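Undergrad: So the sequence shown is numbered by UniProt numbering: it starts at 1 and just counts up by one. The beta carbon of each residue, even a glycine, is placed where N, CA and C say it ideally should be. Computed from a prediction, not measured in an experiment: that's the story for all the values here.
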Amino acid sequence: MIVALAAAFGSGSGTVAGSSGAAAGSGTSISSGSGARAAQGTRGKARDRSSTAAVQRLARSGFQVRERATDAGSDCAAHSYGQVQEFFRTHPCEAYFRSLLEVREGPAVVLVAIAWVDMPDAEQARRLKALMDRHGTGNLTELSRERGGQRFTGMHYTSAREDTTVINVQAEPVGRTRVAITLARRIVETAG
1 MIVALAAAFG SGSGTVAGSS GAAAGSGTSI SSGSGARAAQ GTRGKARDRS STAAVQRLAR
61 SGFQVRERAT DAGSDCAAHS YGQVQEFFRT HPCEAYFRSL LEVREGPAVV LVAIAWVDMP
121 DAEQARRLKA LMDRHGTGNL TELSRERGGQ RFTGMHYTSA REDTTVINVQ AEPVGRTRVA
181 ITLARRIVET AG
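1. Would you give the residue range spanned by the alpha helix (DSSP H) that V144 belongs to?
2. How is the alpha helix (DSSP H) around Q64 delimited, first residue to last?
3. Taking the straight line between their C-alpha atoms, what separation do you get for V65 and V112?
4. May I ask you to report which of helix, strand or coil DSSP gives E86?
5. Using the C-alpha atoms, what's the distance from A108 back to R186?
6. Restricting to runs no shorter than 4 residues, where is the alpha helix (DSSP H) found entirely within the segment 109-189?
7. Short of 6 angstroms in beta carbon distance, which residues of its chain neighbour R178, apart from the five on each side in sequence? Order them along the chain.
8. For L183, which residues of its own chain have a beta-carbon under 6 angstroms away from its beta-carbon, when the five flanking residues on both sides are left out?
9. Using DSSP's beta-bridge definition, name the partner residues of A54.
10. Give every residue of the same chain whose Cβ lies closer than 8 angstroms to the Cβ of Q150, excluding the five residues on either side of it in the sequence, and list them in chain order.
11. Kindly indicate if chain C contains any beta-carbon less than 8 angstroms away from that of E189.
12. Can you tell me which of the three DSSP states R60 falls into?
13. CA-CA distance, R142 and S51?
14. How many Å lie between V166 and R60 at the Cα?
15. Okay, do the segment 154-170 and the segment 113-126 touch, 3+ Cβ pairs below 8 angstroms being the bar?
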């Protein structure tokens with residue numbers, strides 16, 4: 001399922017599933033009965049993004065999905081933490097787009113954080129992705145974390161690089177039930 005999410009978010013080659021550098025509102029809702037179709041052409045830059053394709057892809061997979069928040073900008077250092085923030089201080093990004101989704105299946109609830117980051121060149125994007133993929137190194141701050149909500153552990157994570165754009169997807173179960181943990185794992189596997 002992470003593969004599908006990353007595709008919906010515009011991933012190319014270089015997908016990694018597993019742990020990330022992450023440390024321990026109102027919006028739109030859509031369900032599989034909506035008849036929504038995915039947007040065509042998933043490639044593009046962070047500044048051109050929306051989470052519509054990801055929401056629709058998850059809904060087509062049978063999940064109830066609600067977009068809780070989105071944010072876009074160009075100051076990645078101000079919206080990151082850990083070694084990733086240090087990287088952005090010396091290698092500024094060109095743009096970022098973040099989305100926070102709530103995904104439900106039966107009683108299970110999972111928050112999904114998606115981030116697209118545009119770097120000036122492919123080499124800087126490659127280095128950023130490698131750093132983000134190492135557990136405990138930080139990340140672009142998840143919107144739930146900035147708003148005083150749930151933190152992401154990085155245990156359900158995948159990423160991809162598409163030329164100068166780095167995309168990462170994290171899923172975090174709300175509650176530690178086996179069903180929610182399994183759902184988080186499935187979401188990441190779909191995106192990867």
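TA: According to the data block:
1. Position 144 of the sequence shown, counting from 1, holds the residue named residue 144. Reading the sequence as shown, one finds Ser at residue 144 and not Val. S144 -> alpha helix (DSSP H) spans L143 to E146.
2. Position 64 of the sequence shown, counted from the start, is the residue given in the question as residue 64. Annotation for Q64: no alpha helix (DSSP H) segment contains it, though the beta strand (DSSP E) segment containing it runs Q64 to G73.
3. Counting from one through the sequence shown, the residue named residue 65 turns up at place 65. Counting from one through the sequence shown, the residue named residue 112 turns up at place 112. Looking at the two C-alpha atoms, the distance is approximately 10 angstroms.
4. Here residue 86 is taken as the residue at index 86 of the sequence shown, counted from 1. In the three-state DSSP reduction, E86 falls in the helix class (H, G or I).
5. For this step, residue 186 is matched to residue 186 along the sequence shown. For this step, residue 108 is matched to residue 108 along the sequence shown. Approximately 12 angstroms, taken between the alpha carbons.
6. Here the runs fully enclosed are 122-132 and 143-146.
7. Taking the sequence shown and counting its residues from 1, the one referred to as residue 178 is at position 178. Closer than 6 angstroms at the Cβ level, and outside the excluded window around R178, lies no residue.
8. By 1-based counting over the sequence shown, the position of residue 183 is 183. Shown here for L183: same chain residues with a beta carbon closer than 6 angstroms to its own, the five before and five after excluded, namely E105, A108 and V110 in chain order.
9. Counting from 1 along the sequence shown, the entry for residue 54 is found at position 54. A54 pairs with nothing; no bridge assigned.
10. Stepping through the sequence shown from its first residue, residue 150 is reached at position 150. Same-chain partners within the cutoff: L111, S144, E172 and V174.
11. In the displayed structure, chain C is absent; only one protein chain is listed.
12. In the sequence shown, counting from the first residue as 1, residue 60 sits at position 60. Three-state result, R60: helix.
13. In the sequence shown, the residue the question calls residue 142 occupies position 142. In the sequence shown, the residue the question calls residue 51 occupies position 51. Contrary to the premise, residue 142 reads as Glu rather than Arg in this sequence. Between E142 and S51, the C-alpha separation is close to 14 angstroms.
14. Translated into positions along the sequence shown, residue 166 becomes position 166. Translated into positions along the sequence shown, residue 60 becomes position 60. Cα to Cα, the separation comes out at about 25 angstroms.
15. In short, these stretches touch, since the Cβ pair count reaches three.
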